[in-house]
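Residue numbers (UniProt numbering): 1 to 246.
Note that the Cβ used here is the ideal one computed from N, Cα and C, for glycine as well.
A quick note: this is a predicted structure, and the numbers were derived from the prediction, not measured.
Read the structure below first, then the notes.
Spelled out as structure tokens, the structure:
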């Protein structure tokens with residue numbers, strides 16, 4: 001019985017070992033633009049951010065607006081395509097354990113070692129925090145410290161993922177993908193997707209994007225980014241993912 005159930009998580013034997021180098025370069029480009037985007041947030045005149053430079057400009061916002069609509073969609077698509085190829089070559093439990101370590105360990109380190117630096121700079125600028133960083137970090141480790149009474153929107157009172165939310169969502173989407181693999185690899189869905197792509201790809205594409213556009217107009221960005229990420233993370237279903245990306 002267990003053996004029959006486990007076969008549901010076995011991939012179709014149709015993938016090859018060739019590497020899609022173009023996706024590697026797209027990944028480098030996407031994360032390079034992401035670094036530029038978040039660095040630019042320090043200098044935007046009209047957009048809020050955790051910490052601001054004294055040199056502000058509205059001109060940089062125009063360049064950043066060119067990136068904003070598609071930068072995270074591209075990253076999520078590359079992540080989903082890479083993950084789909086990797087999972088076809090792995091035993092499901094070892095894959096899940098490996099991805100958990102590789103995603104949650106950097107997230108844990110980032111939350112406790114990198115994000116506090118950002119919060120320190122933010123509080124220093126906003127409320128004139130009069131502590132050195134060592135004193136601040138000791139207070140930061142105390143989850144009930146009243147120093148952070150105005151900064152309580154984190155995953156724990158004031159401890160937050162900030163711009164590492166991508167790693168958290170990547171792990172959540174990975175778990176969801178693993179749970180859905182028996183359906184995604186089923187013959188009936190493969191046939192349905194192939195028919196959909198051949199006969200009406202544009203309608204399938206619009207069927208995904210139109211609901212996103214509606215949500216974009218009605219949901220705040222902090223909420224909209226999750227369904228948007230999930231859709232682009234799974235766009236590999238409509239592509240040829242038989243090649244290895246990782």
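Mark residue i as exposed unless 16 or more other C-beta atoms lie within 10 angstroms of its C-beta, in which case mark it buried.
i, result
"residue 108", "exposed"
"residue 38", "exposed"
"residue 191", "exposed"
"residue 174", "buried"
"residue 134", "exposed"
"residue 17", "Per-residue confidence for residue 17 stands at a pLDDT of 49, beneath the threshold of 50, marking its modelled position as unreliable; the derived number appears in the next sentence. Per the 10 Å Cβ criterion, exposed."
"residue 84", "buried"
"residue 156", "exposed"
"residue 236", "buried"
"residue 82", "buried"
"residue 119", "buried"
For residue i, tell me which candidate among the options has the shortest Cα-Cα distance.
i, options, result
"residue 132", "117, 142, 151 and 145", "117"
"residue 35", "58, 68, 46 and 158", "68"
"residue 99", "153, 80 and 52", "80"
"residue 144", "126, 178, 24 and 158", "158"
"residue 128", "72, 89 and 51", "51"
"residue 167", "217, 233 and 180", "233"
"residue 111", "187, 161, 147 and 121", "161"
"residue 229", "41, 77, 25 and 40", "77"
"residue 29", "55, 72, 215 and 40", "72"
"residue 55", "102, 66, 214 and 40", "40"
"residue 153", "214, 222, 207 and 182", "222"
"residue 210", "231, 220 and 194", "231"
"residue 140", "90, 212 and 114", "114"
"residue 91", "187, 216, 189 and 181", "181"
"residue 53", "124, 186, 142 and 219", "124"
Between which residues of its own chain and residue i is the CB-CB distance below 7 Å, once the five residues before and five after are set aside?
i, result
"residue 137", "116"
"residue 226", "169"
"residue 122", "50 and 51"
"residue 224", "215 and 216"
Going by beta carbon distance, what residues of the same chain come within less than 6 Å of residue i, once the five residues before and after it are set aside?
i, result
"residue 151", "158"
"residue 61", "44"
"residue 164", "107 and 110"
"residue 6", "Low per-residue confidence applies at residue 6: pLDDT is 47, beneath 50, and the placement is therefore not dependable, though the value from the model is reported in the following sentence. The answer is none, since no qualifying residue turns up."
"residue 70", "none"
"residue 147", "139"
Using a beta-carbon distance below 8 Å, is residue i in contact with chain C?
i, result
"residue 225", "This model lacks chain C altogether; it includes just one protein chain."
My understanding is that residue i touches residue j, with C-beta atoms under 8 Å, so please give their C-beta distance in whole angstroms.
i, j, result
"residue 96", "residue 178", "6 Å"
"residue 93", "residue 171", "At roughly 16 Å, the Cβ-Cβ gap does not stay under 8 Å, so residue 93 and residue 171 are not in contact."
"residue 183", "residue 176", "The Cβ separation is near 11 Å, so there is no contact."
Ends of the alpha helix (DSSP H) at residue i?
i, result
"residue 62", "59-67"
"residue 102", "92-109"
"residue 178", "165-184"
"residue 116", "115-127"
"residue 39", "21-40"
"residue 154", "Residue 154 -> no alpha helix (DSSP H), and no H or E assigned at all."
"residue 135", "133-140"
"residue 221", "221-233"
"residue 76", "71-87"
Considering only residues of the same chain and omitting the five flanking positions on each side of residue i, which have a CB-CB separation below 8 Å?
i, result
"residue 26", "74 and 78"
"residue 32", "none"
"residue 46", "58 and 61"
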